[in-house]
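So the protein sequences, as listed, match chains B and L.
Counting in my numbering, the first sequence runs from 6 upward without gaps.
Counting in my numbering, the second sequence runs from 6 upward without gaps.
Note that the Cβ used here is the ideal one computed from N, Cα and C, for glycine as well.
Protein chains: 2
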Amino acid sequence: MAKLQKSIDKQNALFKATLALINNGGIQEASMAKVAKMANVSPATIYIYFENKQDLVNQLYLNVKASFSKSAFDAYNESLPVKKSFEHIWFNIAKFKMAYSQEAEFLSQCDNAPLIDLEIRKEGLVHLQPLLDLWKRGQEEGIIKEISPFLLYAYSIYPMAFYLSSVVNDICPLGDDMLKSAFQLAWDSIKV
Amino acid sequence: MAKLQKSIDKQNALFKATLALINNGGIQEASMAKVAKMANVSPATIYIYFENKQDLVNQLYLNVKASFSKSAFDAYNESLPVKKSFEHIWFNIAKFKMAYSQEAEFLSQCDNAPLIDLEIRKEGLVHLQPLLDLWKRGQEEGIIKEISPFLLYAYSIYPMAFYLSSVVNDICPLGDDMLKSAFQLAWDSIKV
DNA sequence: GAGTAATTAATAAATGTTCATTCTTTTTTT
DNA sequence: AAAAAAAGAATGAACATTTATTAATTACTC
Numbered sequence: 006m007a008k009l010q011k012s013i014d015k016q017n018a019l020f021k022a023t024l025a026l027i028n029n030g031g032i033q034e035a036s037m038a039k040v041a042k043m044a045n046v047s048p049a050t051i052y053i054y055f056e057n058k059q060d061l062v063n064q065l066y067l068n069v070k071a072s073f074s075k076s077a078f079d080a081y082n083e084s085l086p087v088k089k090s091f092e093h094i095w096f097n098i099a100k101f102k103m104a105y106s107q108e109a110e111f112l113s114q115c116d117n118a119p120l121i122d123l124e125i126r127k128e129g130l131v132h133l134q135p136l137l138d139l140w141k142r143g144q145e146e147g148i149i150k151e152i153s154p155f156l157l158y159a160y161s162i163y164p165m166a167f168y169l170s171s172v173v174n175d176i177c178p179l180g181d182d183m184l185k186s187a188f189q190l191a192w193d194s195i196k197v
Numbered sequence: 006m007a008k009l010q011k012s013i014d015k016q017n018a019l020f021k022a023t024l025a026l027i028n029n030g031g032i033q034e035a036s037m038a039k040v041a042k043m044a045n046v047s048p049a050t051i052y053i054y055f056e057n058k059q060d061l062v063n064q065l066y067l068n069v070k071a072s073f074s075k076s077a078f079d080a081y082n083e084s085l086p087v088k089k090s091f092e093h094i095w096f097n098i099a100k101f102k103m104a105y106s107q108e109a110e111f112l113s114q115c116d117n118a119p120l121i122d123l124e125i126r127k128e129g130l131v132h133l134q135p136l137l138d139l140w141k142r143g144q145e146e147g148i149i150k151e152i153s154p155f156l157l158y159a160y161s162i163y164p165m166a167f168y169l170s171s172v173v174n175d176i177c178p179l180g181d182d183m184l185k186s187a188f189q190l191a192w193d194s195i196k197v
């Protein structure tokens, strides 16, 4: 067992514990002591891997965001037509949110509460470029409405957070047809 | 000056301080000591008006949610056609979020972070009924898609939170046309 | 046995909450 | 209408815990 691997494992254990605690009771319930206990580690050990608590949370955010972005553009092929491309990315994101609902919940908490330093949050947005490019292409082809990417995101991607959190909390049912409906809404809103 | 009025004033000062602090740095920055100082009150005084910190935050949530709902259905007339009705409510909400951006920001923080007790959160949803009724009418008339109200909300109302927070943070410009575009997206997504 | 990883134990500061007490207002008695 | 009594509102200081963070010490690996 390589030393490096062990380090990574311990980091991941800390990430996992922090994520679970923050998801359950917010940042106020995620004390360093609890994180340490949940990761089977002494509190002092955390400071070997992270500068301080804020750094721990920031790094967790970047970590989760990276895995989100990776999923979003998994097997993405720019050569497909605009709608097909968008559909591909959209369902990738939906799949991520279903499969990693804890991570998804954490991300939307970060996007709406002042948990993460602003610079770090900006850093996490970088990976979205392919989607912005796609929208631009769609607009040039006259397929997608000529409006700010903020609006496009707000109406075609952002709603998934709400809908899928309802699903996860068992307030709202889920079926394959349900997901298709959701995509239809997303596409109807941004298509020209 | 009636005693009752003075009580209400003090409660409102506490609400205002709590809101500001939570908005700025999350619940962890809103200590009872800071809330008290900001409201020009002794920490012990808070416990005359509220059971404990959680109760303070819960009551604040209900208070803000009530004023939100009131705005949403301001001058709302059920006798108008479905689209006109929806437009009315939609712009009411938009106006609220612009005029009371602090309150709006707080609400979306509450909806995505475990700040508020679940029962209290449910209590805050009650006032949305007229909108649900409207959607039902629209569906009966074949104007609005036959899908779960969760999806309808996720795509026609929820996006405003994202878009208008971008506006407030000066990341995204705002114009009257911009708002009209946003409404167009909302309507396009749910209309049949 | 050198060097790093991890722990225990300790730090000061901050946390939510309560206490005994004072100040202010209202009610009762004269 | 004035004085006395009761009640209520507000306070600052103190409470025991908990907080994030470090210093000193031990365990482990190469």
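{"query": "Best match in L:Ser12, L:Asp181, L:Ala38, L:Gln114 for proximity to Lys70 of chain L [C-alpha to C-alpha]", "result": "L:Gln114"}
{"query": "Span of the alpha helix (DSSP H) around Gly143 of chain L", "result": "134-145"}
{"query": "CB contact below 8 Å: Tyr105 of chain B versus chain L", "result": "no"}
{"query": "Nearest neighbour of Lys88 of chain L, chosen from L:Asp181, L:Ala41, L:Lys150 [CA to CA]", "result": "L:Lys150"}
{"query": "Members of the segment 29-41 of chain L that neighbour chain B once the beta carbon cut-off is set at 9 Å", "result": "Asn29, Gly30, Gly31, Ile32, Gln33, Glu34"}
{"query": "Under 8 Å between C-beta atoms of Ile125 of chain B and Leu61 of chain B", "result": "no"}
{"query": "Beta carbon proximity, Ser194 of chain L to chain B, threshold 8 Å", "result": "yes"}
{"query": "Residue-level contact to chain L via CB, Pro119 of chain B, 8 Å cutoff", "result": "yes"}
{"query": "Min CB distance Trp94 of chain L to chain B below 8 Å", "result": "Reading off the sequence shown, one finds Ile at residue 94 of chain L, where the question assumed Trp. It does not: the Cβ of Ile94 of chain L has no partner Cβ on chain B nearer than 8 Å."}
{"query": "Range covered by the alpha helix (DSSP H) that runs through Tyr66 of chain B", "result": "58-77"}
{"query": "8 Å Cβ shell around Asn117 of chain L - same chain, five flanking residues per side excluded", "result": "none"}
{"query": "Three-pair Cβ contact test at 8 Å for the segment 128-144 of chain L versus the segment 74-89 of chain L", "result": "yes"}
{"query": "Sequence-distant residues of the same chain with beta carbon closer than 8 Å to His93 of chain B, five excluded per side", "result": "Ala80, Tyr81, Asn82, Leu85"}
{"query": "Cβ pair Ile162 of chain B, Ile98 of chain B closer than 8 Å", "result": "yes"}
{"query": "Spatially closest choice to Phe73 of chain B from B:Ala35, B:Arg142, B:Glu110, B:Thr50, by CA coordinates", "result": "B:Glu110"}
{"query": "Enclosing alpha helix (DSSP H) for Lys100 of chain L [first to last residue]", "result": "87-104"}
{"query": "Cut-off 8 Å between Cβ atoms - residues of its own chain near Pro154 of chain L, not counting five sequence neighbours on either side", "result": "Leu137, Trp140"}
{"query": "Listed by chain order, chain L residues near Gln114 of chain B by CB distance under 7 Å", "result": "Asn117, Ala118"}
{"query": "Interface flag, Ala187 of chain L vs chain B, CB-CB below 8 Å", "result": "yes"}
{"query": "6 Å Cβ shell around Gly143 of chain B - same chain, five flanking residues per side excluded", "result": "Val87, Ile149"}
{"query": "Any non-hydrogen atom of the ligand ZN within 7 Å of Asp193 of chain B CB", "result": "No copy of the ligand ZN occurs in the structure displayed, which carries no ligand at all."}
{"query": "Three-pair Cβ contact test at 8 Å for the segment 27-47 of chain L versus the segment 29-42 of chain B", "result": "yes"}
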